[in-house]
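Residue numbering for the sequence shown follows the numbering used here, starting at -16 and increasing by one per position. Heads up, the beta-carbon is just placed ideally off N, CA and C, and yes, glycines get one too. Down below is the structure, laid out as structure tokens.
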Amino acid sequence: TANAPAEFGRAGGAITNLISKSGSNQLHGSAYWFKRPESTAATPTFAPDITGDGQPDKPDFNRDQFGATLGGPIVKDKTFFFLSYAGLRQTIPVEVGNQVTVPTARMRNGDFSELPNPAFTGLGGPVTIYDPLTGLPFPGNVIPAGRINPVAQRYLNVFPLPEITSRLTQNYNVKRENEGNFNDFDARIDHKLSDSDTLFLRGSYSDSEKFDPGRIPDYQAGFGSGTAKAEAWSAALGWNKVFSSNVVNEFRTGYVNYEYAFLPVGYGTNQNAAIGIPGLGGVSSD
-16 TANAPAEFGR
-6 AGGAITNLIS
4 KSGSNQLHGS
14 AYWFKRPEST
24 AATPTFAPDI
34 TGDGQPDKPD
44 FNRDQFGATL
54 GGPIVKDKTF
64 FFLSYAGLRQ
74 TIPVEVGNQV
84 TVPTARMRNG
94 DFSELPNPAF
104 TGLGGPVTIY
114 DPLTGLPFPG
124 NVIPAGRINP
134 VAQRYLNVFP
144 LPEITSRLTQ
154 NYNVKRENEG
164 NFNDFDARID
174 HKLSDSDTLF
184 LRGSYSDSEK
194 FDPGRIPDYQ
204 AGFGSGTAKA
214 EAWSAALGWN
224 KVFSSNVVNE
234 FRTGYVNYEY
244 AFLPVGYGTN
254 QNAAIGIPGL
264 GGVSSD
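Put into structure tokens, the structure is as follows:
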């Protein structure tokens, strides 16, 4: 992590050396697939019972890891190729059993008649809704339909309906899972110019995408929610020259390009405009 050899220059972090394989005069290949389905996952000791069947629920943890390699000759004893691919598809639970508060079905229509019930709200006493124009309580704690702002109502309807109807707070179970897709490709060509001169050219491409849906479906809610995308390209050219039995020169040059983007949930749509909030721009593909 420090005092790296001069050939690597000054680096801020650790240095990792990777060696890519080369082909040979024989055609060789391999393939693999590792599958970890949800059915084989252990049930955590304190897993919650989200489904309400009286049994703790297993986390939805699925993983498929697979790939293949192939190498062989292009020109026997002279030119060889090697190809490789690695892929990953996985779903990992981020939050299981955590609960958030969402407005009840009645509240979305201005009916706050549930608030005077301390057993439902969990508060020390009843909650009364007052008319801001008259200063008097709304009859029955219900706001008349004509007094409800349609934008506010659309905003409330963005939230999912409660799954736990016996209480006001912590009434929705968060089922938040990360989805990951990774694809890595490598290609290499080796060429023998002579017994003392060899060349290789290697190219690599990586494409990865991780998606976190957040706490509220289809909306940016919760730290880290959204899509993280990364693309990377790299290439390397090497030339080994043997001058004598004790003098060898190695020449290397390379190129790396890395692009990263973070896209919020709902990217490509103006969610503020859909709700009807004026004067606020939204995230769009433009």
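- prompt: Taking three-plus beta-carbon pairs below 8 Å as touching, is the segment 90 to 106 in contact with the segment 147 to 159?
  reply: yes
message: So the candidates are W16, S191, E160 and S177; which of them puts its Cα closest to the Cα of A215?
response: The shortest Cα separation from A215 among W16, S191, E160 and S177 belongs to S191.
message: Quick check on DSSP: helix, strand or coil for E(-10)?
response: helix
- prompt: What first and last residue would you give for the alpha helix (DSSP H) that runs through I258?
  reply: Q254 to I258
field: Selection from F(-9), G93 and L106 that minimises the alpha carbon distance to D114
entry: G93
task: Return the Cβ separation of L219 and R198 in integer angstroms, given the expectation that the two are a contact with Cβ distance under 8 Å.
output: Note that residue 219 is Ala in the sequence shown, not Leu. Rounded, the Cβ-Cβ distance is 43 Å, inconsistent with contact.
message: Do G186 and D195 have their beta-carbon atoms positioned less than 9 Å apart in this structure?
response: Between D195 and G186, the CB-CB gap reaches or exceeds 9 Å.
query: Going by the CB atoms, is the gap between S3 and F63 shorter than 9 Å?
result: no
- prompt: Under the three-state reduction of DSSP, which class applies to R91: helix, strand or coil?
  reply: helix
message: For the structure I just gave you, are there three or more beta carbon pairs, one from the segment 173 to 183 and one from the segment 128 to 139, closer than 8 Å?
response: no
query: Does the Cβ-Cβ distance between G207 and T74 come in under 9 Å?
result: no
- prompt: Secondary structure at G207, three-state DSSP: helix, strand or coil?
  reply: coil
- request: Name the residue from F165, F183 and A211 whose alpha carbon lies nearest to the alpha carbon of S189.
  value: F165
query: Does the beta-carbon distance from R171 to S5 come in below 9 Å?
result: yes
message: Using 9 Å as the threshold, is the C-beta distance between D167 and A51 below it?
response: no
field: Complete alpha helix (DSSP H) runs within the segment 53 to 132 (minimum length 4 residues, chain order)
entry: 101 to 104
- prompt: Can you tell me the Cα-Cα spacing of I112 and L106, whole angstroms?
  reply: 15 Å
Where Q48 sits in the DSSP three-state scheme: Of the three classes helix, strand and coil, the one that applies to Q48 here is strand, per DSSP.
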